[in-house]
Amino acid sequence: MSVINPSSDEGLKAAPRILVAPLNWGLGHATRCIPLIKALERMGASVYLASDGTALELLKAEFPHLPALELPSYRIRYGHGNMVLNIGRQLPRIIYAVRSEQWVTERLIQEHQIQGIISDNRYGCFSPKTPSVLLTHQINLKIPNKLLEWSANRVLRLVLAKFNAIWIPDTPEAPGLSGALSHGASRHPDVCYIGILSRMEKYQKADEYEVAIVLSGPEPQRSFLENKLLEQAIDLPGRCIVVRGKTNTKEHYFAAEHIEVVSYLTARDLNEVLLSSKVVVCRSGYSSIMDLAVLGKKALLIPTPGQTEQEYLADFWAEQGYFLVQEQEKIDLEAALTQMVSTKGLPADQFDPQEFEKHLSAWVNKLQ
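Count the sequence shown with the numbering used here and you get residues 3 to 370, in order.
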């Protein structure tokens, strides 16, 4: 394959410079951008990574050869079990971060001649001068208070309108994987269901672990969950591996003879671990559910307390008998493993993990 010089006019046409910017809220937004980034590279695009915190560290570990740019941090913490209180208290800081993000985005466009933006839930990462796509699975927010839900969705529509297109990582046919979060009326003129996004790949692998615990999400809830699960994993009979979701350290140790602990794993290594585990324990974030759908694994889902999107998704799939769900304050790993026999997991061939590539390719071609 010939190498294109992106600094030349010919290179700019043949290899558009694309900024990929996932939100740093846990690792889910960053992980689901991994297949997009890999596909963009195969298509010859020059990819620039942009985020902050653990999300940016993960992308740098996956793509050490790509330029990584820092965006303002939202610094979201989830210390309370009520989403309205959590976000309400942090709203002024979040609004300021979004505005700062927009200023930084404009500067990055000028400095790096960015020709296209894919923003995963970073609402300030857009430009009226550059084709900007928002990647999101939430066009309908779920909030317990109906008045607040109506108000929040009105604000969301105003935010979505700033982007040229909305890409939803799901199937157009309801309910898909995301149910009412992604399916329903949208007033944006360009909404595209691009198919699911997962860094996982299904293949045969012998069982090595009884349980794989994969942690993620904002602090301090991530640490609360880790402590609870480690305490109970001690009493499990089989081998267990805990992936802490901490990209700022690189640790590998044994908390007990049968409990292996790693700070984080690259996509390839995590793929191997999940395939070689009988049961997965994780948050009910949408990226995790997409990974489970590709692998066809049984799972115990534990929603982040008060995070209504995760609570909705957990209930949505538990009601259909696909996954087991436990509240964080009522975790019982031993009981979960016994009850897992009554669940079926999602069929591994139900969703096409390559569907998104044709939509991505069409968009890249328009940039050239």
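We put the beta carbon where it would ideally sit given N, CA and C, even for glycine.
Small disclaimer: the values here were computed from a predicted structure and weren't measured.
Paired residues, beta bridge with residue i - DSSP
i	result
residue 60	Residue 60 is not bridged to any residue.
residue 30	Paired residues: none, contrary to the question.
residue 97	DSSP output for residue 97 lists no bridge partner at all.
residue 118	20
residue 50	21
residue 72	53
residue 326	302
residue 194	169
residue 216	245 and 284
residue 265	DSSP output for residue 265 lists no bridge partner at all.
Exposure of residue i, with buried meaning 16 or more beta-carbon neighbours within 10 Å
i	result
residue 225	exposed
residue 307	buried
residue 11	Reliability fails at residue 11, whose pLDDT of 43 lies under 50, so the model's placement of it is uncertain and no value is given.
residue 132	buried
residue 282	buried
residue 59	buried
residue 2	Outside the displayed span of the chain (3 to 370) sits residue 2, for which this structure offers no information.
residue 334	exposed
residue 174	exposed
residue 246	buried
Segment limits, beta strand (DSSP E) that includes residue i
i	result
residue 168	167-170
residue 200	No beta strand (DSSP E) holds residue 200; DSSP gives it neither H nor E.
residue 209	Residue 209 -> no beta strand (DSSP E), and no H or E assigned at all.
residue 135	134-137
residue 254	254-258
residue 300	300-303
residue 243	242-245
Cβ separation of residue i and residue j, assumed to be a contact under 8 Å, to the nearest whole Å
i	j	result
residue 248	residue 265	5 Å
residue 238	residue 213	7 Å
residue 284	residue 216	4 Å
residue 23	residue 122	7 Å
residue 111	residue 136	About 16 Å; that fails the 8 Å criterion.
Range of the contiguous alpha helix (DSSP H) that encloses residue i
i	result
residue 274	269-277
residue 291	288-297
Check: residue i C-beta below 7 Å from any heavy atom of the ligand SAM
i	result
residue 164	The ligand SAM is not among the ligands present in this structure, which contains no ligands whatsoever.
Open item on the list: Check whether the stretch 225-236 and the stretch 42-50 are in contact - that is, three or more C-beta pairs closer than 8 Å.
Closed with: no
Open item on the list: Three or more C-beta pairs under 8 Å: does that hold for the stretch 317-328 against the stretch 153-161?
Closed with: no
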